[in-house]
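Reviewing the structure listed below.
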Amino acid sequence: MRAVVFERPGDEGVLHLGEAPSPTLGAGDLRIRVRATAVNRADLLQRQGLYPPPPGASPILGLECAGEVVEVGAAVGGWKPGDRAMALLAGGGYAEEAVVHAGSALHVPQEWSDVEAGAFPEVFLTAFLNIFLLGDPPPAGAVLVHGGGSGVGTAAISLCREAGLRVLVTAGSDEKCRRCLAHGADAAINYRSGDFAAPVRDRTGGRGVAVVLDSIGGRYLAQNLSVLAPNGRLVVIGLIGGARGEIDLASLLMKRLQVIGSTLRARSVEEKASIVTAFEARFGAALRTGRLRPVVDRVLPLAEAAEAHRVVQSSVHFGKVALQAP
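Given below as structure tokens:
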């Protein structure tokens with residue numbers, strides 16, 4: 021099958037279309053003819069040799085895909101060839117075909133394009149897992165999301181809005197802040213203008229937020245802890261700003277705070293199936309009626325994966341950068 025491949029780690033220039041073996045179908049799997057996928061920062065890290073795929077996962081880039089089911093494993097129910105599926109992958113999305121455990125797949129809403137479906141699973145399930153399952157905010161509570169203009173950030177805004185939570189975000193420009201507000205954020209703070217902690221405390225009446233969803237890491241650690249309300253939870257999902265920082269343990273003790281590290285890719289198929297089931301139970305109706313949709317900044321052909329990586333690396337996009345398969 022055709023796939024985006026690379027022979028050695030490097031910059032975007034190492035990516036090219038080539039041939040790869042078709043993945044093997046297991047009894048609990050679906051084989052999907054991929055029509056669309058999307059770029060995530062984890063793809064850039066893997067291309068650079070900094071984030072190898074989990075054991076047993078496809079070495080091909082791509083953590084999500086959408087397309088038609090062409091083959092169903094012997095132990096799978098609820099799916100048939102011809103069904104449209106969107107799926108969370110541990111790898112393999114930048115290809116003509118992908119194989120995924122059926123528990124990691126969702127049916128595509130009827131009105132959706134393949135591109136919308138291909139840009140949905142990774143960011144929405146990441147936001148759901150880390151804000152709602154791990155962060156567990158109280159009803160009408162406040163959540164701070166860093167990188168509000170990213171794929172995960174825009175998904176988090178949508179989910180928080182649907183759940184009746186207050187969502188505050190940071191973003192890297194006034195224009196991105198404006199777009200976050202238009203998308204449904206209650207407040208947007210340009211982190212390039214200075215400390216985000218004071219505006220967050222001000223917008224929450226001094227109480228702080230119940231959950232911080234953080235993709236920055238060490239550079240934001242102290243400020244993140246300072247804006248948490250008592251019993252608040254900091255969920256760290258990325259390390260763009262470094263892997264090291266100092267923790268004020270007195271603050272953790274006195275405010276009963278929790279710091280949680282989280283990844284989605286390396287979780288077992290059983291864990292992923294549980295996350296998908298919980299997502300559908302809480303947000304399935306909103307998904308089916310179109311109240312939840314990914315924000316797609318631009319669409320490029322799969323053959324232009326290198327350019328898509330350049331766009332994501334530059335952070336000029338708002339939402340997702342999608343790749344359309346031929």
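For the sequence shown, our numbering assigns the number 21 to the initial residue and increments by one for each residue that follows.
Think of the CB as a built atom: it goes at the ideal place given N, C-alpha and C, for glycine as much as any other residue.
Just so it is clear, the structure is predicted and the values come from calculations on it, not from any experiment.
- Within the same chain, L312 come within 6 angstroms of S178 by CB-CB distance, once the 5 residues on both sides are set aside.
- If you check the CB distance, L320 and P346 do not come in under 8 angstroms.
- Counting along the chain, no alpha helix (DSSP H) covers L37; the unbroken beta strand (DSSP E) around it starts and ends at H36 to E39.
- Under the 10 Å beta carbon count, A47 is surrounded by fewer than 16 other beta carbons and is classified as exposed.
- With a 10 Å radius around the Cβ and a threshold of 16 neighbouring Cβ atoms, R186 comes out buried.
- Taking each of N150, A293, S213 and C180 in turn and checking the Cα distance to L201, the smallest one comes out for C180.
- Taking a cut-off of 8 angstroms on C-beta distances, the region 251–258 does not touch the region 63–79, as fewer than three cross pairs fall below it.
- Note that the C-beta distance between A58 and A40 is not below 8 angstroms.
- Distance from the Cα of L145 is smallest, within the candidate group T283, L65 and A342, for T283.
- No Cβ-Cβ contact shorter than 8 angstroms links S213 with H166.
- With a contact defined as Cβ atoms closer than 8 angstroms, L188 and A205 qualify at about 7 angstroms.
- In terms of Cβ geometry, A208 and Q243 do not form a close pair [threshold 8 angstroms].
- Between P129 and L307, the gap from beta carbon to beta carbon is short of 8 angstroms.
- If you look at K196, you'll find it in the alpha helix (DSSP H) that goes D194 to H203.
- As DSSP reads the structure, V279 sits in a beta bridge with L254.
- Taking all protein chains in view, the Cβ of K196 is crowded by 16 or more other Cβ atoms within 10 Å, so the residue is classified as buried.
- Where G48 is concerned, there is no enclosing alpha helix (DSSP H), because DSSP gives it neither an H nor an E.
- Ranked by Cα distance from G161, the first of E142, G184, A147 and G169 is G184.
- For the pair A230 and G265, the Cα-to-Cα distance works out to about 21 angstroms.
- Only buried fits G173, as 16 or more other CB atoms lie within 10 angstroms of its CB.
- Ranked by Cα distance from E91, the options G97, P101, G82 and L83 are led by P101.
- Three or more pairs of CB atoms, one per stretch, sit closer than 8 angstroms, so the region 50–57 contacts the region 101–118.
- Listed in chain order, the beta strand (DSSP E) runs fully inside the region 260–345 are 278–281, 316–321 and 340–344, counting runs of at least 3 residues.
- The beta carbon of G87 sits closer than 6 angstroms to those of I52, R53, V54 and R55, all from its chain and outside the five residues before and after it, given in chain order.
- Closest in C-alpha terms to D63, from the list A293, R285 and A118, comes R285.
- Close CB contacts of T224 within its chain, under the 6 angstroms cut and outside five residues either way in sequence, are with A162 (chain order).
- If you draw a straight line from the Cα of L83 to the Cα of A77, it comes to about 10 angstroms.
- Listed in chain order, the non-local C-beta contacts of Q68 below 6 angstroms within the same chain comprise P29, local neighbours out to five positions each way being set aside.
- In this chain, G138 is not harboured by any beta strand (DSSP E); it is covered by the alpha helix (DSSP H) spanning D134 to G138.
- Listed in chain order, the non-local C-beta contacts of D317 below 7 angstroms within the same chain comprise H337, F338, G339, K340 and V341, local neighbours out to five positions each way being set aside.
- Between the alpha carbons of S288 and I295 lies a gap of roughly 11 angstroms.
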